[in-house]
Amino acid sequence: MSKFFKLLKFVIKTRVSNTMLAILLIVILYSIFTGLEIMKSGIKIETKIPEYYAVAYATFFMVFSSFSGGLAVLKSDRDYLFMLPIKKSQLIISLFIAQIVILGTAIIAFVGFYLPFLELNVWDIIISFVLFILFITSLSTYVGDLQTTRRAIIAVLLALWGISPYFGFKFSPTGIFFGYPLYGILVLFPATIISMIFTVRKLASVSLEYQRSLSREGNAEFKDLLRFSKYSGIKALYYLNIMYITISGRSGGMGYGIKYFSNRIKLRTLLVYLSVLSAVYCIAVWKIFLPYAQTASIIITIFSISFFYSFTQSSISNERPWLSFTSVDPGEYLSHLSLSKTIATFIITLPLIIANALLYFVGGKAALSQVPTLAIAFPSILIISFYIVSRFNIIPQIKEEGVMPGQMRGRQMFFAIPIYVVIIVSLISSFNIVWGSIISMILFIIAIACFLNKKIWREAAFSLVENGYT
5 MSKFFKLLKF VIKTRVSNTM LAILLIVILY SIFTGLEIMK SGIKIETKIP EYYAVAYATF
65 FMVFSSFSGG LAVLKSDRDY LFMLPIKKSQ LIISLFIAQI VILGTAIIAF VGFYLPFLEL
125 NVWDIIISFV LFILFITSLS TYVGDLQTTR RAIIAVLLAL WGISPYFGFK FSPTGIFFGY
185 PLYGILVLFP ATIISMIFTV RKLASVSLEY QRSLSREGNA EFKDLLRFSK YSGIKALYYL
245 NIMYITISGR SGGMGYGIKY FSNRIKLRTL LVYLSVLSAV YCIAVWKIFL PYAQTASIII
305 TIFSISFFYS FTQSSISNER PWLSFTSVDP GEYLSHLSLS KTIATFIITL PLIIANALLY
365 FVGGKAALSQ VPTLAIAFPS ILIISFYIVS RFNIIPQIKE EGVMPGQMRG RQMFFAIPIY
425 VVIIVSLISS FNIVWGSIIS MILFIIAIAC FLNKKIWREA AFSLVENGYT
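With my numbering, letter number 244 in the sequence shown gets 248, and the count goes up by one each step, no holes.
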(Lines of atoms letter the chains of each structure in order from A and count residues from 1; the text may use other names and numbers.)
(Lines give C-alpha, C1' and ligand atoms only; values in the text may rest on other atoms or scores of the structure.)
Protein backbone atom coordinates (compact mmCIF):
# COMPACT_ATOMS: atom_id res chain seq x y z
CA MET A 1 0.00 0.00 0.00
CA SER A 2 2.89 2.38 0.73
CA LYS A 3 4.13 1.90 -2.83
CA PHE A 4 0.72 2.84 -4.14
CA PHE A 5 0.64 6.08 -2.12
CA LYS A 6 4.15 6.95 -3.30
CA LEU A 7 3.00 6.38 -6.87
CA LEU A 8 -0.10 8.52 -6.32
CA LYS A 9 1.98 11.32 -4.77
CA PHE A 10 4.36 11.23 -7.73
CA VAL A 11 1.51 11.38 -10.24
CA ILE A 12 -0.11 14.36 -8.50
CA LYS A 13 3.17 16.30 -8.25
CA THR A 14 3.82 15.86 -11.97
CA ARG A 15 0.44 17.42 -12.74
CA VAL A 16 0.31 20.43 -10.47
CA SER A 17 3.16 22.51 -9.06
CA ASN A 18 3.45 23.36 -5.38
CA THR A 19 2.77 27.03 -6.15
CA MET A 20 -0.42 26.25 -8.05
CA LEU A 21 -1.62 23.88 -5.34
CA ALA A 22 -0.90 26.49 -2.67
CA ILE A 23 -2.92 29.14 -4.56
CA LEU A 24 -5.89 26.80 -4.92
CA LEU A 25 -5.74 25.80 -1.24
CA ILE A 26 -5.63 29.46 -0.17
CA VAL A 27 -8.76 30.17 -2.20
CA ILE A 28 -10.48 27.12 -0.71
CA LEU A 29 -9.59 28.10 2.87
CA TYR A 30 -10.74 31.66 2.19
CA SER A 31 -14.09 30.35 0.98
CA ILE A 32 -14.53 28.12 4.02
CA PHE A 33 -13.68 30.76 6.62
CA THR A 34 -15.67 33.46 4.83
CA GLY A 35 -18.66 31.14 4.77
CA LEU A 36 -18.35 30.38 8.47
CA GLU A 37 -18.15 34.07 9.36
CA ILE A 38 -21.20 34.91 7.22
CA MET A 39 -23.18 32.07 8.83
CA LYS A 40 -22.22 33.28 12.30
CA SER A 41 -23.08 36.91 11.58
CA GLY A 42 -26.46 36.08 10.06
CA ILE A 43 -25.86 38.36 7.06
CA LYS A 44 -28.38 37.92 4.25
CA ILE A 45 -27.25 38.36 0.66
CA GLU A 46 -29.97 40.13 -1.31
CA THR A 47 -28.46 39.89 -4.82
CA LYS A 48 -28.38 36.73 -6.99
CA ILE A 49 -25.11 37.65 -8.73
CA PRO A 50 -23.12 34.98 -6.79
CA GLU A 51 -25.63 32.34 -7.94
CA TYR A 52 -25.21 33.39 -11.58
CA TYR A 53 -21.42 33.22 -11.40
CA ALA A 54 -21.41 29.89 -9.52
CA VAL A 55 -23.65 28.30 -12.15
CA ALA A 56 -21.52 29.79 -14.95
CA TYR A 57 -18.29 28.34 -13.54
CA ALA A 58 -19.88 24.96 -12.80
CA THR A 59 -21.22 24.83 -16.36
CA PHE A 60 -17.79 25.76 -17.70
CA PHE A 61 -16.23 22.78 -15.92
CA MET A 62 -18.92 20.48 -17.31
CA VAL A 63 -18.41 21.68 -20.88
CA PHE A 64 -14.61 21.86 -20.73
CA SER A 65 -14.27 18.42 -19.15
CA SER A 66 -16.51 16.77 -21.72
CA PHE A 67 -15.14 18.45 -24.85
CA SER A 68 -11.42 18.63 -24.02
CA GLY A 69 -11.30 15.81 -21.52
CA GLY A 70 -9.57 12.50 -21.33
CA LEU A 71 -7.49 10.97 -18.60
CA ALA A 72 -4.51 13.31 -18.38
CA VAL A 73 -1.29 11.71 -19.61
CA LEU A 74 1.88 13.79 -19.62
CA LYS A 75 5.11 13.40 -21.53
CA SER A 76 6.84 12.34 -18.30
CA ASP A 77 4.30 9.54 -17.93
CA ARG A 78 4.98 8.22 -21.39
CA ASP A 79 8.77 8.49 -21.18
CA TYR A 80 9.21 7.28 -17.62
CA LEU A 81 6.17 6.10 -15.69
CA PHE A 82 4.81 3.68 -18.28
CA MET A 83 8.21 2.04 -18.56
CA LEU A 84 8.42 1.09 -14.90
CA PRO A 85 7.43 -2.37 -13.63
CA ILE A 86 4.20 -1.11 -12.04
CA LYS A 87 0.95 -3.03 -11.85
CA LYS A 88 -1.48 -1.89 -14.50
CA SER A 89 -4.34 -1.57 -12.00
CA GLN A 90 -2.32 0.60 -9.60
CA LEU A 91 -1.14 2.91 -12.37
CA ILE A 92 -4.64 3.40 -13.79
CA ILE A 93 -6.17 3.99 -10.35
CA SER A 94 -3.41 6.49 -9.51
CA LEU A 95 -4.00 8.43 -12.71
CA PHE A 96 -7.74 8.51 -12.10
CA ILE A 97 -7.48 9.53 -8.43
CA ALA A 98 -4.97 12.24 -9.37
CA GLN A 99 -7.48 13.56 -11.88
CA ILE A 100 -10.17 13.61 -9.16
CA VAL A 101 -7.87 15.49 -6.80
CA ILE A 102 -6.78 18.09 -9.37
CA LEU A 103 -10.20 18.67 -10.92
CA GLY A 104 -11.83 18.62 -7.50
CA THR A 105 -9.41 21.20 -6.12
CA ALA A 106 -9.96 23.47 -9.13
CA ILE A 107 -13.76 23.13 -8.88
CA ILE A 108 -13.80 23.90 -5.16
CA ALA A 109 -11.46 26.86 -5.66
CA PHE A 110 -13.43 28.48 -8.49
CA VAL A 111 -17.00 27.45 -7.68
CA GLY A 112 -16.57 27.19 -3.92
CA PHE A 113 -15.55 30.84 -3.81
CA TYR A 114 -19.26 31.71 -4.14
CA LEU A 115 -20.54 29.19 -1.58
CA PRO A 116 -20.46 31.63 1.35
CA PHE A 117 -23.05 33.73 -0.46
CA LEU A 118 -25.45 30.90 -1.39
CA GLU A 119 -26.88 30.25 2.11
CA LEU A 120 -26.52 26.46 1.94
CA ASN A 121 -26.14 24.07 4.85
CA VAL A 122 -22.95 22.05 5.33
CA TRP A 123 -24.37 18.66 4.32
CA ASP A 124 -25.86 20.02 1.09
CA ILE A 125 -22.44 21.44 0.21
CA ILE A 126 -20.48 18.28 1.03
CA ILE A 127 -22.82 15.85 -0.76
CA SER A 128 -23.25 18.05 -3.82
CA PHE A 129 -19.55 18.76 -4.25
CA VAL A 130 -18.52 15.13 -3.88
CA LEU A 131 -21.09 14.06 -6.47
CA PHE A 132 -20.31 16.97 -8.79
CA ILE A 133 -16.54 16.34 -8.69
CA LEU A 134 -16.99 12.62 -9.42
CA PHE A 135 -19.45 13.47 -12.20
CA ILE A 136 -17.04 15.94 -13.83
CA THR A 137 -14.06 13.60 -13.51
CA SER A 138 -15.89 10.65 -15.02
CA LEU A 139 -17.11 12.90 -17.85
CA SER A 140 -13.57 14.06 -18.59
CA THR A 141 -12.31 10.47 -18.57
CA TYR A 142 -15.01 8.79 -20.62
CA VAL A 143 -16.38 11.39 -23.02
CA GLY A 144 -12.88 12.52 -23.99
CA ASP A 145 -12.42 9.32 -26.01
CA LEU A 146 -15.40 9.93 -28.26
CA GLN A 147 -15.26 11.42 -31.73
CA THR A 148 -15.03 15.20 -31.98
CA THR A 149 -18.58 15.56 -33.31
CA ARG A 150 -20.05 13.50 -30.48
CA ARG A 151 -18.03 15.37 -27.88
CA ALA A 152 -19.20 18.68 -29.32
CA ILE A 153 -22.85 17.59 -29.20
CA ILE A 154 -22.50 16.37 -25.61
CA ALA A 155 -20.73 19.62 -24.64
CA VAL A 156 -23.55 21.74 -26.10
CA LEU A 157 -26.22 19.66 -24.35
CA LEU A 158 -24.35 19.90 -21.06
CA ALA A 159 -24.00 23.67 -21.49
CA LEU A 160 -27.75 24.03 -21.97
CA TRP A 161 -28.42 21.72 -19.03
CA GLY A 162 -25.93 23.60 -16.88
CA ILE A 163 -27.44 27.06 -17.41
CA SER A 164 -31.05 25.82 -17.28
CA PRO A 165 -31.49 27.00 -13.64
CA TYR A 166 -31.25 30.56 -15.01
CA PHE A 167 -34.60 29.91 -16.65
CA GLY A 168 -36.29 28.16 -13.74
CA PHE A 169 -35.43 24.52 -14.58
CA LYS A 170 -34.48 22.95 -11.26
CA PHE A 171 -33.38 19.46 -12.34
CA SER A 172 -29.80 20.33 -13.25
CA PRO A 173 -26.36 19.29 -11.90
CA THR A 174 -25.81 23.00 -11.21
CA GLY A 175 -29.14 23.39 -9.41
CA ILE A 176 -27.54 23.57 -5.98
CA PHE A 177 -25.70 26.75 -6.95
CA PHE A 178 -28.94 28.50 -7.87
CA GLY A 179 -30.93 27.74 -4.74
CA TYR A 180 -32.16 24.23 -5.66
CA PRO A 181 -29.94 21.95 -3.51
CA LEU A 182 -32.42 19.07 -3.23
CA TYR A 183 -33.13 18.98 -6.98
CA GLY A 184 -29.41 19.23 -7.75
CA ILE A 185 -28.60 16.24 -5.53
CA LEU A 186 -31.48 14.21 -6.96
CA VAL A 187 -30.07 14.76 -10.45
CA LEU A 188 -26.38 14.37 -9.56
CA PHE A 189 -26.78 11.08 -7.71
CA PRO A 190 -27.99 8.94 -10.67
CA ALA A 191 -25.95 10.95 -13.20
CA THR A 192 -22.77 10.34 -11.20
CA ILE A 193 -23.45 6.61 -10.78
CA ILE A 194 -24.13 6.15 -14.50
CA SER A 195 -21.08 8.15 -15.61
CA MET A 196 -18.85 6.34 -13.10
CA ILE A 197 -20.05 2.94 -14.36
CA PHE A 198 -19.08 3.86 -17.92
CA THR A 199 -15.74 5.21 -16.73
CA VAL A 200 -14.86 2.15 -14.64
CA ARG A 201 -15.67 -0.13 -17.58
CA LYS A 202 -13.46 1.94 -19.83
CA LEU A 203 -10.55 2.00 -17.40
CA ALA A 204 -10.82 -1.75 -16.87
CA SER A 205 -10.33 -2.36 -20.59
CA VAL A 206 -7.27 -0.16 -21.01
CA SER A 207 -4.19 -1.81 -22.44
CA LEU A 208 -0.94 -0.09 -21.51
CA GLU A 209 0.84 -1.63 -24.46
CA TYR A 210 -1.79 -0.18 -26.75
CA GLN A 211 -1.45 3.19 -25.04
CA ARG A 212 2.33 3.19 -25.49
CA SER A 213 2.04 2.71 -29.21
CA LEU A 214 -0.65 5.38 -29.64
CA SER A 215 1.06 7.96 -27.45
CA ARG A 216 3.87 8.23 -30.01
CA GLU A 217 1.52 8.78 -32.89
CA GLY A 218 0.39 12.24 -33.94
CA ASN A 219 -3.13 13.18 -34.89
CA ALA A 220 -2.68 16.65 -36.34
CA GLU A 221 -3.94 16.28 -39.85
CA PHE A 222 -5.26 18.72 -42.41
CA LYS A 223 -7.37 17.52 -45.29
CA ASP A 224 -6.81 20.57 -47.48
CA LEU A 225 -3.52 22.17 -48.44
CA LEU A 226 -3.08 25.92 -48.27
CA ARG A 227 -1.46 27.74 -51.15
CA PHE A 228 0.48 30.97 -50.59
CA SER A 229 1.53 31.70 -54.18
CA LYS A 230 0.06 35.22 -53.97
CA TYR A 231 1.34 36.04 -50.50
CA SER A 232 4.63 36.13 -48.64
CA GLY A 233 5.97 37.29 -45.29
CA ILE A 234 3.52 39.20 -43.09
CA LYS A 235 0.83 39.09 -45.80
CA ALA A 236 0.89 35.30 -45.68
CA LEU A 237 0.53 35.44 -41.90
CA TYR A 238 -2.59 37.60 -42.16
CA TYR A 239 -4.00 35.44 -44.93
CA LEU A 240 -3.60 32.28 -42.87
CA ASN A 241 -4.97 33.64 -39.58
CA ILE A 242 -7.85 35.69 -40.98
CA MET A 243 -9.11 33.47 -43.77
CA TYR A 244 -8.79 30.30 -41.68
CA ILE A 245 -9.50 29.61 -38.03
CA THR A 246 -7.38 26.89 -36.45
CA ILE A 247 -8.94 25.07 -33.52
CA SER A 248 -6.50 22.91 -31.65
CA GLY A 249 -6.25 21.12 -28.36
CA ARG A 250 -5.86 17.80 -26.63
CA SER A 251 -8.46 15.07 -26.29
CA GLY A 252 -8.65 11.40 -25.51
CA GLY A 253 -7.68 9.18 -22.65
CA MET A 254 -5.69 6.12 -21.67
CA GLY A 255 -5.07 3.78 -24.55
CA TYR A 256 -7.83 5.02 -26.83
CA GLY A 257 -6.30 8.00 -28.50
CA ILE A 258 -4.40 10.54 -26.48
CA LYS A 259 -4.75 12.89 -29.39
CA TYR A 260 -3.60 16.36 -30.15
CA PHE A 261 -6.21 17.59 -32.60
CA SER A 262 -5.75 20.51 -34.92
CA ASN A 263 -8.56 21.34 -37.30
CA ARG A 264 -8.74 24.23 -39.71
CA ILE A 265 -12.04 25.79 -40.73
CA LYS A 266 -12.67 28.62 -43.18
CA LEU A 267 -13.63 31.82 -41.44
CA ARG A 268 -16.65 32.36 -43.67
CA THR A 269 -17.94 28.88 -42.82
CA LEU A 270 -17.57 29.51 -39.09
CA LEU A 271 -19.18 32.91 -39.59
CA VAL A 272 -22.27 31.25 -41.06
CA TYR A 273 -22.60 28.93 -38.05
CA LEU A 274 -22.14 31.74 -35.56
CA SER A 275 -24.60 33.95 -37.47
CA VAL A 276 -27.25 31.25 -37.13
CA LEU A 277 -26.54 30.88 -33.39
CA SER A 278 -26.64 34.65 -32.91
CA ALA A 279 -29.94 34.83 -34.78
CA VAL A 280 -31.38 32.12 -32.52
CA TYR A 281 -30.14 34.03 -29.47
CA CYS A 282 -31.65 37.29 -30.75
CA ILE A 283 -35.04 35.73 -31.56
CA ALA A 284 -35.18 33.78 -28.27
CA VAL A 285 -34.50 36.90 -26.19
CA TRP A 286 -36.91 38.97 -28.28
CA LYS A 287 -39.81 36.52 -28.14
CA ILE A 288 -39.31 34.85 -24.74
CA PHE A 289 -36.76 36.56 -22.49
CA LEU A 290 -37.08 40.25 -23.41
CA PRO A 291 -37.59 41.32 -19.74
CA TYR A 292 -34.29 39.56 -18.99
CA ALA A 293 -32.39 40.96 -21.99
CA GLN A 294 -29.69 42.46 -19.79
CA THR A 295 -28.98 39.20 -17.93
CA ALA A 296 -29.10 37.15 -21.15
CA SER A 297 -26.71 39.49 -22.98
CA ILE A 298 -24.21 39.44 -20.08
CA ILE A 299 -24.26 35.62 -19.85
CA ILE A 300 -23.87 35.13 -23.60
CA THR A 301 -21.09 37.74 -23.74
CA ILE A 302 -19.13 36.10 -20.91
CA PHE A 303 -19.45 32.61 -22.40
CA SER A 304 -18.50 33.85 -25.87
CA ILE A 305 -15.42 35.81 -24.87
CA SER A 306 -14.23 32.96 -22.61
CA PHE A 307 -14.53 30.46 -25.47
CA PHE A 308 -12.90 32.64 -28.13
CA TYR A 309 -10.21 33.88 -25.76
CA SER A 310 -9.15 30.35 -24.88
CA PHE A 311 -8.65 29.26 -28.48
CA THR A 312 -7.06 32.53 -29.63
CA GLN A 313 -4.50 32.89 -26.85
CA SER A 314 -3.62 29.19 -26.62
CA SER A 315 -2.50 29.34 -30.26
CA ILE A 316 0.86 30.61 -28.99
CA SER A 317 1.57 27.07 -27.74
CA ASN A 318 1.75 25.89 -31.37
CA GLU A 319 4.35 28.43 -32.48
CA ARG A 320 7.70 27.20 -33.83
CA PRO A 321 10.41 29.88 -33.34
CA TRP A 322 12.95 27.97 -35.44
CA LEU A 323 10.71 28.60 -38.45
CA SER A 324 8.83 31.86 -37.79
CA PHE A 325 11.52 33.88 -36.00
CA THR A 326 14.13 33.12 -38.67
CA SER A 327 11.94 34.26 -41.57
CA VAL A 328 10.69 37.57 -40.08
CA ASP A 329 11.90 39.84 -37.29
CA PRO A 330 10.71 38.06 -34.09
CA GLY A 331 9.11 41.18 -32.61
CA GLU A 332 7.35 42.06 -35.85
CA TYR A 333 6.15 38.50 -36.27
CA LEU A 334 4.63 38.22 -32.78
CA SER A 335 2.93 41.63 -32.92
CA HIS A 336 1.32 40.91 -36.30
CA LEU A 337 0.40 37.39 -35.17
CA SER A 338 -1.53 38.93 -32.26
CA LEU A 339 -3.23 41.47 -34.54
CA SER A 340 -4.22 38.88 -37.14
CA LYS A 341 -5.73 36.62 -34.46
CA THR A 342 -7.54 39.62 -32.99
CA ILE A 343 -9.00 40.65 -36.35
CA ALA A 344 -10.25 37.12 -36.99
CA THR A 345 -11.80 36.95 -33.51
CA PHE A 346 -13.49 40.32 -34.01
CA ILE A 347 -15.00 39.14 -37.30
CA ILE A 348 -16.50 36.01 -35.77
CA THR A 349 -17.97 38.02 -32.88
CA LEU A 350 -19.66 40.46 -35.29
CA PRO A 351 -22.90 38.39 -35.48
CA LEU A 352 -23.25 38.60 -31.68
CA ILE A 353 -22.52 42.34 -31.73
CA ILE A 354 -25.19 42.85 -34.40
CA ALA A 355 -27.66 40.66 -32.46
CA ASN A 356 -27.25 42.80 -29.33
CA ALA A 357 -27.67 45.96 -31.39
CA LEU A 358 -30.87 44.60 -32.97
CA LEU A 359 -32.28 43.73 -29.54
CA TYR A 360 -31.99 47.42 -28.67
CA PHE A 361 -34.47 48.29 -31.42
CA VAL A 362 -37.04 45.65 -30.38
CA GLY A 363 -37.21 46.64 -26.73
CA GLY A 364 -34.18 44.95 -25.18
CA LYS A 365 -32.32 48.21 -24.71
CA ALA A 366 -30.00 46.80 -22.04
CA ALA A 367 -28.44 44.40 -24.59
CA LEU A 368 -26.77 47.37 -26.31
CA SER A 369 -24.53 47.75 -23.26
CA GLN A 370 -22.49 44.70 -24.34
CA VAL A 371 -21.56 46.17 -27.72
CA PRO A 372 -18.58 48.25 -26.43
CA THR A 373 -17.30 45.21 -24.55
CA LEU A 374 -17.45 42.92 -27.59
CA ALA A 375 -16.42 45.46 -30.22
CA ILE A 376 -13.69 47.40 -28.36
CA ALA A 377 -12.68 45.97 -24.97
CA PHE A 378 -12.39 42.32 -26.01
CA PRO A 379 -10.25 42.85 -29.15
CA SER A 380 -8.03 45.24 -27.18
CA ILE A 381 -7.50 42.80 -24.34
CA LEU A 382 -6.62 40.05 -26.84
CA ILE A 383 -3.58 42.00 -28.05
CA ILE A 384 -2.51 42.91 -24.51
CA SER A 385 -3.00 39.36 -23.30
CA PHE A 386 -1.14 37.88 -26.27
CA TYR A 387 1.90 39.89 -25.26
CA ILE A 388 1.61 38.88 -21.57
CA VAL A 389 1.18 35.19 -22.43
CA SER A 390 4.25 35.14 -24.66
CA ARG A 391 6.42 37.45 -22.54
CA PHE A 392 5.96 35.49 -19.32
CA ASN A 393 5.71 32.06 -20.93
CA ILE A 394 2.35 31.33 -19.32
CA ILE A 395 1.46 28.52 -21.75
CA PRO A 396 4.01 25.74 -22.39
CA GLN A 397 4.80 24.84 -25.98
CA ILE A 398 3.22 21.71 -27.44
CA LYS A 399 6.23 19.83 -28.74
CA GLU A 400 4.72 16.40 -29.32
CA GLU A 401 1.25 15.67 -30.56
CA GLY A 402 0.52 12.60 -28.48
CA VAL A 403 0.95 13.99 -24.97
CA MET A 404 0.27 16.99 -22.77
CA PRO A 405 3.25 19.37 -22.51
CA GLY A 406 3.48 19.88 -18.74
CA GLN A 407 1.93 20.50 -15.35
CA MET A 408 -0.36 23.20 -14.01
CA ARG A 409 1.84 26.02 -12.75
CA GLY A 410 1.11 29.04 -10.62
CA ARG A 411 1.90 31.50 -13.41
CA GLN A 412 -0.85 29.95 -15.53
CA MET A 413 -3.37 31.59 -13.20
CA PHE A 414 -2.49 34.87 -14.94
CA PHE A 415 -3.93 33.47 -18.16
CA ALA A 416 -7.44 34.07 -16.77
CA ILE A 417 -6.88 37.64 -15.53
CA PRO A 418 -7.68 39.33 -18.89
CA ILE A 419 -11.02 37.48 -18.97
CA TYR A 420 -11.90 39.00 -15.61
CA VAL A 421 -10.98 42.43 -16.95
CA VAL A 422 -13.44 42.00 -19.83
CA ILE A 423 -16.10 40.63 -17.45
CA ILE A 424 -15.69 43.70 -15.23
CA VAL A 425 -16.04 45.98 -18.27
CA SER A 426 -19.13 43.99 -19.29
CA LEU A 427 -20.73 44.50 -15.88
CA ILE A 428 -19.84 48.20 -15.77
CA SER A 429 -21.32 48.67 -19.24
CA SER A 430 -24.54 46.95 -18.20
CA PHE A 431 -25.02 49.56 -15.45
CA ASN A 432 -23.55 52.55 -17.26
CA ILE A 433 -22.75 52.23 -20.96
CA VAL A 434 -20.89 55.55 -20.99
CA TRP A 435 -18.36 54.41 -18.38
CA GLY A 436 -18.12 51.02 -20.08
CA SER A 437 -17.31 52.75 -23.36
CA ILE A 438 -14.71 54.98 -21.71
CA ILE A 439 -12.92 52.01 -20.12
CA SER A 440 -13.10 50.13 -23.42
CA MET A 441 -11.43 53.07 -25.20
CA ILE A 442 -8.69 53.18 -22.56
CA LEU A 443 -7.98 49.50 -23.20
CA PHE A 444 -7.99 50.23 -26.93
CA ILE A 445 -5.36 52.95 -26.53
CA ILE A 446 -3.19 50.65 -24.38
CA ALA A 447 -3.52 47.90 -27.02
CA ILE A 448 -2.45 50.26 -29.82
CA ALA A 449 0.57 51.43 -27.81
CA CYS A 450 1.45 47.80 -27.04
CA PHE A 451 1.15 46.75 -30.69
CA LEU A 452 3.34 49.58 -31.99
CA ASN A 453 6.17 48.90 -29.54
CA LYS A 454 8.20 46.30 -31.44
CA LYS A 455 10.86 46.27 -28.73
CA ILE A 456 8.61 44.64 -26.12
CA TRP A 457 7.43 42.08 -28.69
CA ARG A 458 11.05 41.22 -29.52
CA GLU A 459 11.69 40.69 -25.81
CA ALA A 460 8.63 38.44 -25.67
CA ALA A 461 9.96 36.39 -28.58
CA PHE A 462 13.33 35.97 -26.89
CA SER A 463 11.54 35.01 -23.67
CA LEU A 464 9.75 32.19 -25.45
CA VAL A 465 13.03 30.79 -26.73
CA GLU A 466 14.71 31.17 -23.33
CA ASN A 467 11.86 29.26 -21.71
CA GLY A 468 12.13 26.23 -23.97
CA TYR A 469 10.25 27.12 -27.17
CA THR A 470 12.08 25.58 -30.14
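Beta carbons: idealized from backbone N, C-alpha and C, even for Gly.
If I measure Cβ to Cβ from residue 250 and keep anything under 6 Å in the same chain, skipping five residues before and after, which residues do I get? Apart from sequence neighbours up to five positions away, the residues of its chain that approach residue 250 with a beta-carbon distance below 6 Å are 268, ordered along the chain.
Whole angstroms are fine: how far does the CA of residue 35 sit from the CA of residue 376? Spanning the two alpha carbons is a distance of roughly 33 Å.
Using a 10 Å radius around the Cβ and a threshold of 16 neighbouring Cβ atoms, would you call residue 424 buried or exposed? With fewer than 16 other CB atoms across the displayed protein chains lying within 10 angstroms of its CB, residue 424 is exposed.
N- and C-terminal bounds of the alpha helix (DSSP H) containing residue 145: Where residue 145 is concerned, the enclosing alpha helix (DSSP H) stretches over 126–146.
Take every Cβ of the stretch 187–200, pair it with every Cβ of the stretch 91–100, and state whether three or more of those distances are shorter than 8 Å. Counting C-beta pairs closer than 8 Å gives fewer than three between the stretch 187–200 and the stretch 91–100, which falls short of the contact rule.
Would you call the stretch 56–71 and the stretch 164–183 touching, i.e. three or more CB-CB distances under 8 Å? Result yes; three or more Cβ-Cβ pairs closer than 8 Å.
Mapping DSSP to helix, strand and coil, what is residue 197? In this structure, residue 197 counts as helix in the three-state DSSP scheme.
Measuring only the C-alpha atoms, how far is residue 202 from residue 146? Cα-Cα distance, rounded: 7 Å.
So, residue 471 versus residue 397, is the Cβ gap smaller than 8 Å? Yes; because the gap between Cβ atoms is below 8 Å, this pair is in contact.
Considering only the beta carbon of each residue, do residue 366 and residue 290 sit closer than 8 Å? Cβ distance < 8 Å, so residue 366 and residue 290 count as in contact.
State the Cα-Cα distance for the pair residue 140 and residue 293, rounded to the nearest angstrom. About 30 Å.
From the DSSP output, in three-state form, read off residue 105 for me. Note: residue 105 maps to helix in three-state DSSP.
8 Å contact criterion, which residue 132 and residue 185 should meet: CB distance rounded: Cβ atoms of residue 132 and residue 185 come within 8 Å of each other, at about 6 Å.
Take every Cβ of the stretch 19–27, pair it with every Cβ of the stretch 101–112, and state whether three or more of those distances are shorter than 8 Å. The stretch 19–27, when compared against the stretch 101–112, does touch it at the 8 Å Cβ threshold.
Do you know how far the Cα of residue 198 is from the Cα of residue 448? As the crow flies, the alpha-carbon of residue 448 is around 49 Å from that of residue 198.
Residue 468 burial status per 10 Å Cβ neighbour count (16 or more: buried): Its Cβ being crowded by 16 or more others within 10 Å, residue 468 is buried.
What residue range does the alpha helix (DSSP H) around residue 472 cover? From DSSP, residue 472 is part of no alpha helix (DSSP H); its letter is neither H nor E.
Between residue 274 and residue 355, is the Cβ-Cβ spacing less than 8 Å? No, these two residues do not count as a Cβ contact at 8 Å.
Minimum C-alpha distance to residue 283 - residue among 358, 240, 324: Considering only 358, 240, 324, the residue with the shortest C-alpha distance to residue 283 is 358.
Residue burial classification, residue 67 (beta-carbon count within 10 angstroms, cutoff 16): Label assigned to residue 67: buried.
By DSSP's criteria, residue 170 is part of a beta bridge. Which residues make up the other side? DSSP lists no partner for residue 170.
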